[in-house]
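K.L.:
Quick one: the structure is below, and I'll ask about it shortly.
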Amino acid sequence: MTPGERREALEAVATEVRACTRCRLHAGRTRAVPGEGSADTEVVLVGEGPGFNEDRQGRPFVGAAGAFLTELLSTVGWRREDVFITNVVKCRPPENRDPEPDEIAACAPFLSRQLEVMDPALVVTLGRHSLGTFLPGARIGQVHGTARPPAASAWADGSLVFAMYHPAAALHQGSLRRTLLDDMQRVPGALLDARERRALAAGSADGQAPAPAAPAVPAALDDADAPDDPAVAADPAAPLPPAAGEPGADQLTLFS
Ligand code: URA
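Residue numbers (this note's numbering): 4 to 259.
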């Protein structure tokens, strides 16, 4: 797909989202929030659902949680327009309640199509409901700050899923601010790993000799939360090394 075709395909999804009546959430919306950002990005961030400000503006993460998300991205040298930001449900749940399973299911084809169009190397989940979409059964307290392939039954095939707490959680529980900042520092390293996994997969599909085993995906874990999957957990104390020939993690250029 060319960049222009990708933009068009995403706009087609957005047009359908704005007219959608598939679940009860459409009745209360001011504006649907399909998502925004670069159609050519390697990194898609998936939140839970629009809040008050997003519903008014039709744009994702524009309130207080959005300001923190923009700050988080800036700590690794990324801007909002470098990534694509969307949500599991595209219309605001009343009083910002959690989205219901049937609402998530009704909206899932939109997210699935967005991911199919962009085919990102890395999907960053923001919050429990987003995590549960890609890694059903995973517990955020255990997997935040780590990346792993999505569950076989989910989408984003060929991507890595990096789990983070929702930025709004830091507004309610101050200690999570540090956790989110720390986890964010591991995202560029996870992108390098995701790229490498893709290159290896492409090599094997070409019938080339198998490359050496993929490196462990960087992991950062709370002191209290042990990794539940040692295969993808790395030493949380170890700094994330840039890959050979790559810029430092804080300068990692997207879509290079
Ligand atoms: N919270 C979300 O999960 N998504 C938004 O777009 C805004 C707040």
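No residue lacks a Cβ here, since even glycine has one placed at the ideal position from N, Cα and C.
1) How many Å lie between Glu45 and Met121 at the Cα?
2) To the nearest angstrom, report how far apart Ala12 and Pro37 are at their CA atoms.
3) Going by beta-carbon coordinates alone, are Ser41 and Phe87 separated by less than 7 Å?
4) Does the ligand URA have even one heavy atom less than 6 Å from the beta-carbon of Pro63?
5) Relative to the C-alpha of Ala53, which residue among Arg9, Thr24, Arg100 and Glu84 is closest?
6) Please list the terminal residues of the continuous beta strand (DSSP E) segment that includes Val91.
7) My understanding is that Val126 touches Ala159, with C-beta atoms under 8 Å, so please give their C-beta distance in whole angstroms.
8) At what residue ranges does the segment 45 to 101 contain a whole run of the beta strand (DSSP E), taking only runs of 3 or more?
9) Grab me the residues of Pro170's own chain with a C-beta within less than 6 Å of its C-beta, minus the 5 sequence neighbours each way, in chain order.
10) From the DSSP output, in three-state form, read off Glu103 for me.
11) Report buried or exposed for Phe55, applying the criterion of at least 16 other Cβ atoms within 10 angstroms of its Cβ.
12) Whole beta strand (DSSP E) runs in the segment 143 to 213 with 3 or more residues, listed along the chain?
13) Over what stretch of residues does the alpha helix (DSSP H) that includes Thr33 continue unbroken?
14) For the beta strand (DSSP E) that contains Thr128, what are its first and last residues?
15) Taking just the CA atoms, how far does Phe64 sit from Thr5?
16) Look at the alpha carbon of Gln176 and the alpha carbon of Gly130, and state the distance between them as a whole number of angstroms.
17) Relative to the C-alpha of Cys26, which candidate in Asp58, Asp105, Gly80 and Glu51 has its C-alpha closest?
18) Could you say which of Met187, Arg151, Arg32 and Leu203 lies nearest to Pro96 if we only look at CA atoms?
19) Would you tell me roughly how many angstroms separate the C-alpha atoms of Thr24 and Ala193, rounded to the nearest one?
20) Alpha carbon to alpha carbon, how far is Leu28 from Glu98? Give it in angstroms, no decimals.
21) Would Ala35 and Lys93 qualify as a contact pair, given that the criterion is a beta-carbon distance under 7 Å?
22) Figure out for me which residue from Val164, Ala157, Ala202 and Pro123 has the closest Cα to the Cα of Ile143.
23) Using the C-alpha atoms, what's the distance from Ser162 back to Ala197?
24) Candidates Asp58, Gly50 and Arg10: which alpha carbon is nearest Ala30's?
P.N.:
This is what the structure holds:
1) 8 Å
2) 12 Å
3) When the beta-carbon positions are compared, Ser41 and Phe87 come within less than 7 Å of each other.
4) yes
5) The identity of residue 53 in the sequence shown is Pro, whereas the question assumes Ala. Of Arg9, Thr24, Arg100 and Glu84, the residue nearest in Cα terms is Arg100.
6) No beta strand (DSSP E) holds Val91; DSSP gives it neither H nor E.
7) 5 Å
8) 46 to 50 and 87 to 90
9) Close CB contacts of Pro170 within its chain, under the 6 Å cut and outside five residues either way in sequence, are with Ala68, Phe71 and Leu72 (chain order).
10) coil
11) exposed
12) List check, beta strand (DSSP E) in window: 163 to 167.
13) No alpha helix (DSSP H) holds Thr33; DSSP gives it neither H nor E.
14) Leu125 to Leu129
15) 27 Å
16) 14 Å
17) Comparing alpha-carbon positions, the option among Asp58, Asp105, Gly80 and Glu51 lying closest to Cys26 turns out to be Asp105.
18) Arg32
19) 37 Å
20) 11 Å
21) At the C-beta level, Ala35 and Lys93 come within 7 Å of one another.
22) Val164
23) Between Ala197 and Ser162, the C-alpha separation is close to 7 Å.
24) Of the listed residues, the one whose Cα sits closest to Ala30 is Asp58.
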